[in-house]
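A quick write-up on the structure given underneath.
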Amino acid sequence: MSTKSGSVRWLTPAEERAWRALRRVMVAVQAGTAHDLAAIGLSEADYEVLSTLSEQPAQSSTLGVQADKMGWSRSRLSRHASRMEARGLLRRAPDPADGRGCLLVLTGPGMTALRDAAPVHVESVRRHLVDRLTPQDLAALERIAGRLAQPRPDDDPDGPPPAGAGRPSGETPANGV
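Counting along the sequence shown from 1, when you hit position 56 you're at 56 in full-length UniProt numbering, and nothing is skipped either side.
In structure tokens:
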């Protein structure tokens, strides 16, 4: 494989270990929770759609807002919503604010499925993540996630994150993260 190594900032051994550790934990936690939800007939995507719709006024949302919230394209969510609609978990309704769009509306059976799944999901999250970490680990994870969720200054992919990004001002991290 040919690369231009002069412009590439290769990972240091410590950075590569951190990257691979993050990938392993993401895969392990996601696979564990997906397996547990599948045992009760839902996918992770089903659960995400149901839970986020349940949090909305009138338990409905436009397809576009829902897609943005999930980090999905409208097309992908539309196809998934069609499968959920066929199972009776949600229905589509015309969007009164946009004649071209539609609302995704949680149905009674969808809410029942969510209520049945919620205890399974929270137990799965506990088993695969929360109960395996200390309160300090959880705080560090939250801090790191907050930092990674922040846009980089000037969208400069080569620039370092701003000092203090992802933590409240004045807070000094105990472990340098």
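Cβ atoms here follow ideal geometry from the backbone N, Cα and C, with glycine treated the same way.
Small disclaimer: the values here were computed from a predicted structure and weren't measured.
Beta-carbon separation (whole angstroms), residue i vs residue j, contact threshold 8 angstroms
i	j	result
Leu-114	Leu-50	4 angstroms
Gly-32	Ser-124	6 angstroms
Val-120	Leu-37	7 angstroms
Glu-85	Arg-91	6 angstroms
Glu-48	Met-26	Between Met-26 and Glu-48 the Cβ distance is about 16 angstroms, and since that is not below 8 angstroms, they are no contact.
Gln-30	Leu-106	Wrong, their Cβ atoms sit about 24 angstroms apart, outside the cutoff.
Start and end residues, alpha helix (DSSP H) containing residue i
i	result
Arg-126	108 to 128
Coarse secondary structure for residue i, derived from DSSP in three states
i	result
Gly-32	helix
Thr-52	helix
Leu-77	helix
Arg-152	coil
Leu-104	strand
Ser-82	helix
Arg-17	helix
Pro-173	For Pro-173, the predicted model reports a pLDDT of 34, less than 50, meaning its position is unreliable; a value from the coordinates is still stated below. Coil, per DSSP.
CA-to-CA distance, residue j to residue i, given in whole angstroms
i	j	result
Ala-28	Ala-67	25 angstroms
Cys-102	Ser-75	13 angstroms
Asp-95	Thr-62	7 angstroms
Ser-7	Ala-21	25 angstroms
His-128	Pro-153	34 angstroms
Gly-64	Leu-89	19 angstroms
Arg-143	Asp-137	10 angstroms
Ala-93	Arg-147	37 angstroms
Ala-140	Gly-99	45 angstroms
Pro-109	Thr-134	37 angstroms
Ala-117	Thr-12	42 angstroms
Arg-9	Glu-15	11 angstroms
Ser-82	Ser-73	14 angstroms
Ala-18	Ala-145	14 angstroms
Ala-39	Ala-97	39 angstroms
Residue interval of the beta strand (DSSP E) (run including residue i)
i	result
Leu-42	Unbroken run through Leu-42: none, as it is neither H nor E.
Ala-67	From DSSP, Ala-67 is part of no beta strand (DSSP E) but of the alpha helix (DSSP H) over 63 to 70.
Asp-95	90 to 95
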